[in-house]
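Just so you know, the protein sequences line up as chains A and B, in that order.
Read in order, the letters of the first sequence correspond to residues 107 to 387 in the working numbering.
Read in order, the letters of the second sequence correspond to residues 16 to 444 in the working numbering.
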Amino acid sequence: MKFFKLENNDELQANLFSFAIHLALFLVMIFSVGWQTKIPYYGEVEIWDSVPVQKKINKTQTTPKKKIKQQKKTTKVQKSNEAKAKAQKEADIKLKKKKAAEKKAKKLKKQKAIKDLKKKVLKQEKLDKLKKEMLEKEKVERLQQQVIEQQKIEKMQAELRENELKQQKKPALEGENEVKGGVNTGELNKYKLLIQQKIQQNVNQQLCGLDYINLEFRISLMPTGELLGQPKMTKSSKIKSCDDAVERAIIQSQPLPLPKDSGLFSKLKNLELKFHPNGVE
Amino acid sequence: MNKFLQIIFAGFIFFSSSVLHALEVIEILGGKASQIPIAVMPFKSFGAQKAIGKINSVIKSDLSRSGLFYALDTRGVVAAPNSDKEVNFSQWKSLEAQFLIIGRIDFLKKEKVKVSWSLIDVYKKQTVLSGEYVGKEKQIRAIGHKVSDKVYERLTGSKGVFHTKIAFVEKYNNQKYKLNIADYDGYNITSLLDSKMPIISPKWSPDGKKIAYVSFEKEKPVIYIQEIATGKRKLLANFKGNNSAPAWSPDGKRLAIVLTYSTNSQIYLINADGSDVKRLIRSRSITTEPSWSPDGKEIYYTSNQGGGPQIYKFNLESSEVSRVTFEGKYNLYPSLSYDGKLLIYLTQDQGNFKVALQNLQSNQVLKLTKGPLDEAPVFAPNGHMVLFVYKDYGKTTKIGTVSINGLKIDPLPLGSRQVQEPAWGPIKN
Numbered sequence: 107m108k109f110f111k112l113e114n115n116d117e118l119q120a121n122l123f124s125f126a127i128h129l130a131l132f133l134v135m136i137f138s139v140g141w142q143t144k145i146p147y148y149g150e151v152e153i154w155d156s157v158p159v160q161k162k163i164n165k166t167q168t169t170p171k172k173k174i175k176q177q178k179k180t181t182k183v184q185k186s187n188e189a190k191a192k193a194q195k196e197a198d199i200k201l202k203k204k205k206a207a208e209k210k211a212k213k214l215k216k217q218k219a220i221k222d223l224k225k226k227v228l229k230q231e232k233l234d235k236l237k238k239e240m241l242e243k244e245k246v247e248r249l250q251q252q253v254i255e256q257q258k259i260e261k262m263q264a265e266l267r268e269n270e271l272k273q274q275k276k277p278a279l280e281g282e283n284e285v286k287g288g289v290n291t292g293e294l295n296k297y298k299l300l301i302q303q304k305i306q307q308n309v310n311q312q313l314c315g316l317d318y319i320n321l322e323f324r325i326s327l328m329p330t331g332e333l334l335g336q337p338k339m340t341k342s343s344k345i346k347s348c349d350d351a352v353e354r355a356i357i358q359s360q361p362l363p364l365p366k367d368s369g370l371f372s373k374l375k376n377l378e379l380k381f382h383p384n385g386v387e
Numbered sequence: 016m017n018k019f020l021q022i023i024f025a026g027f028i029f030f031s032s033s034v035l036h037a038l039e040v041i042e043i044l045g046g047k048a049s050q051i052p053i054a055v056m057p058f059k060s061f062g063a064q065k066a067i068g069k070i071n072s073v074i075k076s077d078l079s080r081s082g083l084f085y086a087l088d089t090r091g092v093v094a095a096p097n098s099d100k101e102v103n104f105s106q107w108k109s110l111e112a113q114f115l116i117i118g119r120i121d122f123l124k125k126e127k128v129k130v131s132w133s134l135i136d137v138y139k140k141q142t143v144l145s146g147e148y149v150g151k152e153k154q155i156r157a158i159g160h161k162v163s164d165k166v167y168e169r170l171t172g173s174k175g176v177f178h179t180k181i182a183f184v185e186k187y188n189n190q191k192y193k194l195n196i197a198d199y200d201g202y203n204i205t206s207l208l209d210s211k212m213p214i215i216s217p218k219w220s221p222d223g224k225k226i227a228y229v230s231f232e233k234e235k236p237v238i239y240i241q242e243i244a245t246g247k248r249k250l251l252a253n254f255k256g257n258n259s260a261p262a263w264s265p266d267g268k269r270l271a272i273v274l275t276y277s278t279n280s281q282i283y284l285i286n287a288d289g290s291d292v293k294r295l296i297r298s299r300s301i302t303t304e305p306s307w308s309p310d311g312k313e314i315y316y317t318s319n320q321g322g323g324p325q326i327y328k329f330n331l332e333s334s335e336v337s338r339v340t341f342e343g344k345y346n347l348y349p350s351l352s353y354d355g356k357l358l359i360y361l362t363q364d365q366g367n368f369k370v371a372l373q374n375l376q377s378n379q380v381l382k383l384t385k386g387p388l389d390e391a392p393v394f395a396p397n398g399h400m401v402l403f404v405y406k407d408y409g410k411t412t413k414i415g416t417v418s419i420n421g422l423k424i425d426p427l428p429l430g431s432r433q434v435q436e437p438a439w440g441p442i443k444n
């Protein structure tokens with residue numbers, strides 16, 4: 107009993123489990139399954155209704171030896187003639203065959219040539235296609251490049267415009283729609299921008315050379331937007347045709363857009379216009 | 016007392032600055048490339064009624080060809096006034112005319128005419144320029160061109176080129192060649208040279224008295240200089256190989272020419288009397304089609320040194336070479352404006368040959384024409400127009416002008432003549 111005396115239940119459980127497993131393995135060894143890797147052979151069997159009868163040999167076909175000899179003699183001559191004819195025939199056939207072979211070879215050659223040509227054409231077509239594709243690609247790339255450049259220019263122009271607007275709108279941005287001395291600065295700047303746009307459309311910059319020049323005019327306006335008197339040049343561009351062209355642009359822009367509010371109008375009735383026909387450096 | 020004055024002065028400054036500050040300022044950047052609307056009325060005839068051609072048509076065609084003017088059609092719209100006092104300004108304003116040209120022709124004795132004209136500013140309601148020319152009846156077109164020149168200069172600030180001459184080569188009977196001279200608009204053609212061999216590259220001397228050109232009459236290209244008035248000519252360059260592409264220096268004392276003397280095409284300098292030939296640029300690549308800057312310090316040329324043809328410039332003082340064109344893979348045939356600020360050349364753009372204009376200050380490029388087969392662009396002496404050859408596939412070539420704002424392309428009325436190689440003569444004072 108001492109043998110089974112165990113210190114705790116866990117040990118007992120472990121031992122029982124081990125015993126059970128060993129027993130199970132022993133049983134498996136005895137009653138093991140016969141695993142097969144070979145597929146069993148099944149023979150095929152023909153089923154006959156009746157046994158087939160063997161054919162009898164025809165006796166009349168057997169000829170006497172003499173007859174055979176005679177026959178042999180005659181057939182010899184025939185045979186030699188036949189051989190000749192046969193040789194001729196064979197030669198003919200050979201020739202025919204040769205001719206046919208030649209024809210066939212020619213045909214094959216022709217076919218091969220056509221095939222080659224087709225291949226060549228295909229190759230050329232492929233090359234052309236590739237070339238075309240490359241050209242197309244190049245064209246697209248060039249177009250893309252142009253578009254990119256155009257976009258760059260447009261972006262630069264937009265930035266310039268934005269800067270211009272910012273400069274003009276500065277007071278408005280600092281206090282949008284702020285009322286200063288009874289005047290709405292946002293409204294004031296809106297009309298300044300409208301006036302600027304209308305005059306700018308009429309400045310014919312071609313008459314101002316290529317250099318960065320500037321010129322200034324002062325104008326007085328009636329509430330209708332018409333000029334009160336002629337524009338007064340306060341700074342010349344030193345290019346007569348340019349001074350004249352800018353003056354004409356101002357006159358041409360009448361009536362200028364003006365607010366109906368008399369307070370706002372009084373701010374805009376006298377204006378100083380600074381022109382940079384070829385932009386600023 | 017002194018302090019009192021100072022206070023008053025300071026007060027005055029403060030006051031005036033606050034008044035100035037009160038004036039609203041509007042900054043106007045840029046503008047548009049527009050055309051000046053102008054009405055050119057028929058000139059009234061006095062003293063005789065002869066058909067000598069319509070002078071107002073000449074002026075109209077001149078001004079619109081420049082691309083800076085838009086000649087209004089006034090037929091049957093308003094009766095021609097005799098002076099600015101008779102002008103109904105509001106009527107002209109409603110027609111959007113900014114200027115008005117009126118005039119009269121007086122028939123004098125000995126088949127002479129007096130042409131009087133006025134340029135009226137419709138906005139300012141006054142005559143801004145007027146003049147009088149006396150000439151022969153058959154010079155009526157020339158008088159018209161002179162009026163155009165005056166009007167052009169007054170309104171654009173640049174000299175007009177309507178009284179200048181051009182030269183071009185005409186191929187006829189399929190094998191013969193003529194070197195022709197004509198008015199800038201293709202009228203009054205006279206022939207300077209008749210040859211069985213090709214003539215190319217005519218170039219006017221800066222004084223407009225001579226023409227240098229390349230002839231194949233020695234069975235290879237050689238360069239001649241011919242006097243226009245006398246027809247006398249002399250052989251300038253007949254060196255080993257080809258002699259081609261003459262270009263006069265601005266002072267007319269030297270020419271840049273292209274020789275294949277030692278290797279491939281290279282630019283050489285030669286005195287106008289044929290002396291002192293020296294090689295200008297030492298390059299392994301082809302250097303050709305020289306064109307002088309107006310200050311005579313630089314020569315622009317075409318070279319393949321970077322692969323495809325591009326335009327380069329060579330500084331005669333520092334011998335420095337720099338590339339000028341970067342847009343596109345194929346740029347050639349450079350020509351500079353009289354002030355050296357603009358460059359025109361031929362560019363290949365998507366398979367089409369077009370005339371390109373490059374601003375040498377900003378390097379912006381504008382394609383003036385659409386192609387497909389434009390050739391040989393040359394500047395007008397005021398730089399406002401370009402003379403060039405153009406044709407469509409399988410059609411005859413034409414010579415035409417294009418304004419540098421690209422707004423006006425006009426063929427010269429040369430009919431079915433086969434024309435090529437144009438050159439624009441200088442403005443004669």
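In this text, a Cβ means the ideal position worked out from N, Cα and C, and glycines have one as well.
Quantities reported herein were computed from a predicted structural model and do not represent experimental measurements.
inquiry  = What ranges does the beta strand (DSSP E) occupy inside the stretch 299-355 of chain B, keeping only unbroken runs of at least 3 residues that lie completely in it?
reply    = If only complete runs of 3 or more residues are kept, the stretch 299-355 of chain B shows the beta strand (DSSP E) at 302-307, 313-318, 325-330, 336-338 and 346-351, in order along the chain.
request  = Would you tell me roughly how many angstroms separate the C-alpha atoms of residue 375 of chain A and residue 204 of chain B, rounded to the nearest one?
outcome  = The sequence position of residue 375 of chain A within the first sequence is 269, counting from 1. The sequence position of residue 204 of chain B within the second sequence is 189, counting from 1. Residue 375 of chain A and residue 204 of chain B: Cα-Cα distance of roughly 59 Å.
query = Which parts of the stretch 146-224 of chain B are runs of the beta strand (DSSP E), unbroken and 3 residues or longer, counting only runs that do not cross its ends?
reply = Entirely contained in the stretch 146-224 of chain B, the beta strand (DSSP E) runs reaching 3 residues are, in chain order, 180-187, 191-198, 205-210 and 214-219.
message = List, from N- to C-terminal side, the beta strand (DSSP E) runs of 3 residues or more that fit wholly inside the stretch 81-136 of chain B.
response = List check, beta strand (DSSP E) in window: 84-86, 114-122 and 127-136.
task = Using a Cβ-Cβ cut-off of less than 9 Å, give me the residues of the stretch 191-218 of chain A that come near chain B, in sequence order.
result = Along the stretch 191-218 of chain A, there is no position whose C-beta sits under 9 Å from a C-beta of chain B.
ask   = Taking Cβ to Cβ, would you say residue 152 of chain B is nearer than 8 Å to residue 129 of chain B?
value = In the second sequence, residue 152 of chain B corresponds to position 137, counting from 1. In the second sequence, residue 129 of chain B corresponds to position 114, counting from 1. No, Cβ-Cβ distance for residue 152 of chain B and residue 129 of chain B is not below 8 Å.
query = In whole angstroms, what is the alpha-carbon distance linking residue 5 of chain B and residue 193 of chain B?
reply = No statement about residue 5 of chain B is possible, as the shown extent of chain B runs from 16 to 444 and does not include it.
inquiry  = Along the chain, where does the beta strand (DSSP E) containing residue 294 of chain A start, and where does it finish?
reply    = Mapped onto the first sequence, residue 294 of chain A falls at position 188. Residue 294 of chain A -> not in any beta strand (DSSP E); alpha helix (DSSP H) instead, spanning 291-308.
ask   = What's the gap between the Cα of residue 310 of chain B and the Cα of residue 394 of chain B?
value = By one-based count along the second sequence, residue 310 of chain B stands at place 295. By one-based count along the second sequence, residue 394 of chain B stands at place 379. Residue 310 of chain B and residue 394 of chain B have their C-alpha atoms roughly 16 Å apart.
message = On the criterion of 16 or more Cβ atoms from any shown chain inside 10 Å, does residue 178 of chain B qualify as buried, or is it exposed?
response = Translated into positions along the second sequence, residue 178 of chain B becomes position 163. Residue 178 of chain B comes out buried.
query = DSSP three-state call for residue 339 of chain A: helix, strand or coil?
reply = In the first sequence, the residue the question calls residue 339 of chain A occupies position 233. If DSSP states are grouped into helix, strand and coil, residue 339 of chain A belongs with the strands.
task = Give the secondary structure of residue 55 of chain B by DSSP, where H, G and I count as helix, E and B as strand, and everything else as coil.
result = Start at 1 with the first residue of the second sequence, and residue 55 of chain B comes out as number 40. If DSSP states are grouped into helix, strand and coil, residue 55 of chain B belongs with the strands.
request  = Return yes when the Cβ of residue 321 of chain A is within less than 8 Å of the Cβ of residue 342 of chain A, no when it is not.
outcome  = The count along the first sequence starts at 1 and reaches residue 342 of chain A at position 236. The count along the first sequence starts at 1 and reaches residue 321 of chain A at position 215. Their beta carbons are under 8 Å apart, which means residue 342 of chain A touches residue 321 of chain A by this criterion.
inquiry  = Using only CA atoms, which one of B:290, B:321, B:263 and B:173 lies nearest to residue 354 of chain B?
reply    = Locating residue 354 of chain B in the second sequence gives position 339, counting from the first residue. The closest CA to that of residue 354 of chain B, considering only B:290, B:321, B:263 and B:173, is found on B:173.
query = Is the stretch 331-339 of chain A touching the stretch 356-370 of chain A, taking contact as three or more C-beta pairs under 8 Å?
reply = Flag = yes, the stretch 331-339 of chain A and the stretch 356-370 of chain A touch.
key: Under 8 Å by beta carbon: chain B residues contacting residue 357 of chain A   = Counting from one through the first sequence, the residue named residue 357 of chain A turns up at place 251. Residue 357 of chain A reaches chain B at 138, counting residues in chain order whose Cβ is nearer than 8 Å.
message = Give the list of continuous alpha helix (DSSP H) stretches no shorter than 4 residues that lie fully inside the stretch 222-280 of chain B.
response = Entirely contained in the stretch 222-280 of chain B, not one alpha helix (DSSP H) run reaches 4 residues.
ask   = Are residue 431 of chain B and residue 412 of chain B closer than 8 Å when you measure CB to CB?
value = Position 416 of the second sequence holds residue 431 of chain B. Position 397 of the second sequence holds residue 412 of chain B. The Cβ-Cβ distance between residue 431 of chain B and residue 412 of chain B does not fall below 8 Å.
inquiry  = Please classify residue 175 of chain B as buried or exposed, where buried requires at least 16 other C-beta atoms within 10 Å of its C-beta.
reply    = Residue mapping note: residue 175 of chain B aligns to position 160 of the second sequence, counting from 1. That one is buried.
Whether residue 219 of chain B touches residue 271 of chain B by CB criterion (8 Å) = Taking the second sequence and counting its residues from 1, one reaches residue 219 of chain B at position 204. Taking the second sequence and counting its residues from 1, one reaches residue 271 of chain B at position 256. Not a contact, by the Cβ cut-off of 8 Å.
key: Residues of the stretch 321-337 of chain A whose Cβ lies closer than 7 Å to any Cβ of chain B, in chain order   = In summary, no residue of the stretch 321-337 of chain A has a CB separated from any CB of chain B by less than 7 Å.
Supposed contact pair residue 117 of chain B and residue 135 of chain B - C-beta distance, whole angstroms, cut 8 Å = Taking the second sequence and counting its residues from 1, one reaches residue 135 of chain B at position 120. Taking the second sequence and counting its residues from 1, one reaches residue 117 of chain B at position 102. Contact holds; Cβ gap of about 7 Å.
message = Just list the residues that DSSP pairs residue 382 of chain A with in beta bridges.
response = Here residue 382 of chain A refers to the residue found at position 276 when the first sequence is read from its first residue. B:44, per the DSSP bridge assignment.
request  = Please state whether DSSP places residue 291 of chain B in a helix, a strand or coil.
outcome  = The residue you call residue 291 of chain B lines up with position 276 of the second sequence. Residue state, collapsed to three classes: coil.
key: Alpha-carbon to alpha-carbon, residue 259 of chain B and residue 286 of chain B   = Here residue 286 of chain B corresponds to residue number 271 of the second sequence, with the count starting at 1. Here residue 259 of chain B corresponds to residue number 244 of the second sequence, with the count starting at 1. Rounded to whole angstroms, residue 286 of chain B and residue 259 of chain B show a C-alpha spacing of 15 Å.
query = When we look at the beta-carbon of residue 128 of chain A and count the other beta-carbons within 10 Å, is it buried (16 or more) or exposed?
reply = Translated into the one-based positions of the first sequence, residue 128 of chain A becomes position 22. Here residue 128 of chain A is exposed. Its C-beta has fewer than 16 other C-beta atoms within 10 Å.
query = Under 8 Å between the Cβ atoms of residue 370 of chain A and residue 293 of chain A?
reply = Sequence index remark: in the first sequence, residue 370 of chain A carries index 264 (1-based). Sequence index remark: in the first sequence, residue 293 of chain A carries index 187 (1-based). At a Cβ-Cβ threshold of 8 Å, residue 370 of chain A and residue 293 of chain A count as neighbours.
query = So, is residue 304 of chain A buried or exposed, given that buried needs 16 or more other C-beta atoms within 10 angstroms?
reply = On the first sequence, position 198 is the one that residue 304 of chain A refers to. When all chains shown are included, residue 304 of chain A counts as buried.
request  = Note down, in chain order, each residue of its chain lying with its Cβ closer than 7 Å to the Cβ of residue 71 of chain B, except the 5 sequence neighbours on either side.
outcome  = Here residue 71 of chain B refers to the residue found at position 56 when the second sequence is read from its first residue. Excluding sequence neighbours, residue 71 of chain B sits near 55, 56, 57 and 58.
ask   = Counting pairs of Cβ atoms below 8 Å between the stretch 253-269 of chain B and the stretch 221-231 of chain B, do you hit three or more?
value = Cβ pair count under 8 Å is three or more, so yes.
Contact set between residue 333 of chain B and chain A, taken where Cβ atoms lie within less than 8 Å = Sequence index remark: in the second sequence, residue 333 of chain B carries index 318 (1-based). Simply none; closest approach about 25 Å.
ask   = Just to confirm, are residue 207 of chain B and residue 196 of chain B a CB contact at a threshold of 8 Å?
value = Here residue 207 of chain B is taken as the residue at index 192 of the second sequence, counted from 1. Here residue 196 of chain B is taken as the residue at index 181 of the second sequence, counted from 1. Contact flag set, yes.
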